[in-house]
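Colleague: Residues 37 to 497, numbered by my numbering, are exactly what the sequence shown covers, in order.
Cβ atoms here follow ideal geometry from the backbone N, Cα and C, with glycine treated the same way.
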Amino acid sequence: MKKGMGFWCVLLLIGWSGNTFAENVFQYFQGKAAAELLPQADAALKAKDYQKALSIYKPLAEREQPVAEYQMAYLYLNGLGVDKNPSLAAAWFMKAGSLGLASAQAALGTLYYQGVGIEQGLTQAITLYTQAANNNNPLAQYMLGYLAENGFGMSKDNSTIFNWYNKAAAEGVAQAQYNLGLMYYKGQGVPKDPARAFTLFNLAAQQGLPRAQFMLGVIYSTERADKNQAFQWYSRAAEKGMPEAQYNLGVMYFNGFGTTPNLTPAVASIKKAADQGLARAQYVTGYLLFNGVGYPKDMSQAVLWYQKAAMQNLADAEFALGYLYHNGLGVPKDERQAFAWLMQAAKQGLPNAEYMVGLFYQQGFGVPADLKAAISWYTMAAEQGMDNAQLLLGVMYAQGQGVARDYRSAYAWLNLASTSSNAQIRDSALKMRDEIAKSMSPADIGTAKQMSSMYYSKYAK
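1) Look at the alpha carbon of Glu98 and the alpha carbon of Trp128, and state the distance between them as a whole number of angstroms.
2) By how many angstroms is the C-alpha of Ala169 removed from the C-alpha of Ala104?
3) To the nearest angstrom, report how far apart Met130 and Asp311 are at their CA atoms.
4) Compare the beta carbon distance of Ile306 and Gly286 with 7 angstroms and say whether it is the shorter of the two.
5) Using the beta-carbon count (16 or more within 10 Å), is Gln486 buried or exposed?
6) Have a look at Asn291 and Pro301 and give me their C-alpha separation to the nearest angstrom.
7) Please classify Glu471 as buried or exposed, where buried requires at least 16 other C-beta atoms within 10 Å of its C-beta.
8) Let me know if Ala240 comes out buried or exposed under the rule of 16 or more other beta-carbons within 10 Å of its beta-carbon.
9) Of all the options Arg444, Pro227, Trp449 and Ala83, which has the alpha carbon lying nearest to the alpha carbon of Pro478?
10) What residue ranges within the segment 417-454 form continuous alpha helix (DSSP H) runs of no fewer than 4 residues, ordered along the chain?
11) Count the other CB atoms within 10 Å of the CB of Tyr361; is the residue buried (16 or more) or exposed (fewer)?
12) Per the contact definition of three or more C-beta pairs closer than 8 angstroms, is the segment 369-376 in contact with the segment 328-344?
13) Is Gly145 helix, strand or coil when you go by DSSP?
14) What ranges does the alpha helix (DSSP H) occupy inside the segment 174-253, keeping only unbroken runs of at least 4 residues that lie completely in it?
15) Return helix, strand or coil for Thr258, following the three-state DSSP convention.
16) Would you check whether the ligand COA has a heavy atom nearer than 6 angstroms to the C-beta of Asn363?
17) Would you please state the rounded distance, in angstroms, between the beta carbons of Thr166 and Ala184? I believe it to be under 8 angstroms.
18) Could you check the C-alpha separation between Ile180 and Pro174 for me, to the nearest Å?
19) Please list the terminal residues of the continuous alpha helix (DSSP H) segment that includes Ala333.
20) Can you tell me whether DSSP reads Arg469 as helix, strand or coil?
21) For Cys45, which residues from the same chain have a beta carbon less than 7 angstroms from its beta carbon, with the 5 sequence-adjacent residues on both sides left out?
22) Considering Ala273, what are the terminal residues of the alpha helix (DSSP H) in which it resides?
23) If you follow the alpha helix (DSSP H) that Leu314 is part of, which residue opens it and which one closes it?
24) Within 10 Å of its beta-carbon, does Thr296 have 16 or more other beta-carbons around it, so buried, or fewer, so exposed?
25) Round the Cβ separation of Tyr220 and Ala204 to the nearest angstrom and send it over; I've been treating them as touching at under 8 angstroms.
26) So, with DSSP's three-state summary, where would you put Leu113?
27) Figure out for me which residue from Ala161, Tyr433 and Leu135 has the closest Cα to the Cα of Leu144.
28) For Lys222, which residues from the same chain have a beta carbon less than 8 angstroms from its beta carbon, with the 5 sequence-adjacent residues on both sides left out?
29) Report the start-end ranges of each beta strand (DSSP E) in the segment 342-390 that is 3 residues or longer and not cut off at the edges.
30) By Cβ distance below 6 angstroms, which residues in the same chain neighbour Val209 in space, the five residues on each side in sequence not counted?
31) Rounded to whole angstroms, what is the Cα-Cα separation between Leu245 and Asn171?
32) Between which two residues does the alpha helix (DSSP H) carrying Asp406 extend?
33) Nearest-angstrom Cα distance between Tyr149 and Glu155?
34) Does the beta-carbon distance from Ser25 to Ala446 come in below 7 angstroms?
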């Protein structure tokens, strides 16, 4: 699963406390209680009375009060009470940062990182993040972990990544809690620790981070066998627009996991994810349209959704398009197009696509017949448990098609195919296996059975 950058908003309001202000500006405000001014400005800002906030922040900032300088940057960056001016925002952040205000250092680091209001510079960003992080700014600590993890200007050192994420997570940065949780969940740079991962995901989820809510849904649905909790967490993440959660929520509605089966919200939730570009949801939407489940049957729309998913290299969608072109369903029959889509899916290791590519090579559909290539692709599919590929491999070894006749290999593959749940495949495999056994010695049959066990161990895990 991909980790999001999760940029925090650098425009955080920071409160004022301390006595230095009174010492610096008491005379300037003619005896007014200086310690009251910044809270008043903050209150005005929160009330969206930007002119009042500006009237207090500006004279304080001009007298080098760092918190006021920071808030001036905030106003200019967002165009609140002043014309929007990222360059001036950067300048005010720089002033406040030079006086040691960690929040300003972190904010300026982000402007350098993004190239907003100042020339983009990764080196400068890292320097500022480091200053702020060493001053215990949790958002800068998170960013140093993020940059190290992705190799942006920093080496991908697991101890560095862990160190910064751990510090930021301890200070409550939700994205750091999630990223650290993912490290524990995957055992990436740290020993795998599902319990610690769950705790961190839960902390981030309680703060409303959709990715963390989604991961709780995954854990509850797959590891803790609590479909009700999974449904609740998927629902929360889906409400925030996370497509993966919308898709999983749709699946739960469809199957009645953690809720009453309900096709209408199932289809609607999957469609939301498809509209956001989630390839799996696009494929399933195509499947539902193709079969008339939750929608009126619509072959042309099904093809369009399959194509969207296939353009994102989803093997199942590529196979579906190959199937449609092969059979002329919703599209003109075109064996070359069918072969091209099936080959793309087969190259990704999809066993039914590998089988179909073997069949195309064997029969010369959309491509010149090539029995050796057929054997190769059938073998790949058979080693993943495809019973029809196992049957055809047995036939080809028994008859010496594209390969030297080999009764032991033929028996081995037919023996596996004879366990198929498909009665036609099972009966055909049993009949041919028993027939060729008449031409084999007991030792050869024993060897063939051992080969069957070896092949079976490759896919029966």
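Modeller: Quick look at the numbers:
1) For the purposes of this step, residue 98 is identified with residue 62 of the sequence shown, where counting begins at 1. For the purposes of this step, residue 128 is identified with residue 92 of the sequence shown, where counting begins at 1. Roughly 10 angstroms between the two C-alpha positions.
2) Here residue 104 refers to the residue found at position 68 when the sequence shown is read from its first residue. Here residue 169 refers to the residue found at position 133 when the sequence shown is read from its first residue. Whole-angstrom Cα-Cα distance: 21 angstroms.
3) Sequence index remark: in the sequence shown, residue 130 carries index 94 (1-based). Sequence index remark: in the sequence shown, residue 311 carries index 275 (1-based). Distance between the alpha carbons of Met130 and Asp311 is about 42 angstroms.
4) Along the sequence shown, read from residue 1 onward, the residue named residue 306 stands at position 270. Along the sequence shown, read from residue 1 onward, the residue named residue 286 stands at position 250. Yes, they are a contact pair.
5) Counting from 1 along the sequence shown, the entry for residue 486 is found at position 450. Result: exposed.
6) Taking the sequence shown and counting its residues from 1, the one referred to as residue 291 is at position 255. Taking the sequence shown and counting its residues from 1, the one referred to as residue 301 is at position 265. Cα to Cα, Asn291 sits roughly 12 angstroms from Pro301.
7) Your numbering for residue 471 matches position 435 in the sequence shown. Result: exposed.
8) By one-based count along the sequence shown, residue 240 stands at place 204. With 16 or more other Cβ atoms within 10 Å, it is buried.
9) Taking the first residue of the sequence shown as 1, we reach residue 478 at position 442. Of the candidates Arg444, Pro227, Trp449 and Ala83, the one whose C-alpha sits nearest the C-alpha of Pro478 is Arg444.
10) 423-435 and 443-453
11) Numbered from 1 along the sequence shown, position 325 holds the residue referred to as residue 361. Buried: at least 16 other Cβ atoms inside 10 Å.
12) By the C-beta criterion, the segment 328-344 is judged not to be in contact with the segment 369-376, since fewer than 3 inter-stretch pairs fall below 8 angstroms.
13) One-based indexing of the sequence shown puts residue 145 at position 109. Residue state, collapsed to three classes: helix.
14) 174-186, 194-206, 210-222 and 230-242
15) Counting from one through the sequence shown, the residue named residue 258 turns up at place 222. Reduced to three states, the DSSP call for Thr258 is helix.
16) As presented, the structure is devoid of all ligands, the ligand COA included, so that no description of it is given.
17) Here residue 166 corresponds to residue number 130 of the sequence shown, with the count starting at 1. Here residue 184 corresponds to residue number 148 of the sequence shown, with the count starting at 1. Not confirmed; about 11 angstroms, so no contact.
18) Against the sequence shown, residue 180 aligns to sequence position 144. Against the sequence shown, residue 174 aligns to sequence position 138. Note on identity: in this sequence residue 180 is Leu, with Ile being the wrong assignment. Spanning the two alpha carbons is a distance of roughly 10 angstroms.
19) Residue 333 sits at position 297 when you count from the first residue of the sequence shown. The sequence given here places Lys at residue 333; Ala does not occur at that position. Lys333 -> no alpha helix (DSSP H), and no H or E assigned at all.
20) Locating residue 469 in the sequence shown gives position 433, where the first residue counts as 1. Helix.
21) Position 9 of the sequence shown, counted from the first residue, corresponds to residue 45. Model confidence at Cys45 stands at a pLDDT of 33, short of 50, so the residue's coordinates are unreliable; what they give is reported in the following sentence. So no residue of the chain qualifies.
22) Here residue 273 refers to the residue found at position 237 of the sequence shown. Segment Lys263 to Glu275, the alpha helix (DSSP H) holding Ala273.
23) Sequence index remark: in the sequence shown, residue 314 carries index 278 (1-based). Leu314 -> no alpha helix (DSSP H), and no H or E assigned at all.
24) On the sequence shown, residue 296 is found 260 positions in, with the first residue counted as 1. Burial check for Thr296: the Cβ neighbour count within 10 Å stays below 16, so the residue is exposed.
25) In the sequence shown, the residue the question calls residue 220 occupies position 184. In the sequence shown, the residue the question calls residue 204 occupies position 168. For Tyr220 against Ala204, the beta-carbon gap comes to about 15 angstroms, at or over 8 angstroms, which does not count as contact.
26) Reading the sequence shown from its first residue, position 77 is the one you call residue 113. Leu113 falls in the helix class under three-state DSSP.
27) As a first step, residue 144 is located in the sequence shown; it is residue number 108 there, counting from the start. Per the C-alpha coordinates, the member of Ala161, Tyr433 and Leu135 positioned closest to Leu144 is Ala161.
28) Within the sequence shown, residue 222 is the residue found at index 186, counting from 1. The answer, listed in chain order, is Lys228.
29) none
30) In the sequence shown, the residue the question calls residue 209 occupies position 173. Hits under 6 angstroms: Pro174 and Tyr178.
31) Numbered from its first residue, the sequence shown carries residue 245 at position 209. Numbered from its first residue, the sequence shown carries residue 171 at position 135. C-alpha separation (whole angstroms): 26 angstroms.
32) Walking along the sequence shown from the start, residue 406 turns up at place 370. Taken as a continuous stretch (DSSP letters only), Asp406 belongs to no alpha helix (DSSP H), as it is neither H nor E.
33) To locate residue 149, count along the sequence shown from 1; it is residue 113. To locate residue 155, count along the sequence shown from 1; it is residue 119. One C-alpha to the other measures close to 9 angstroms.
34) Here the chain has residues from 37 to 497 only, and residue 25 is not among them.
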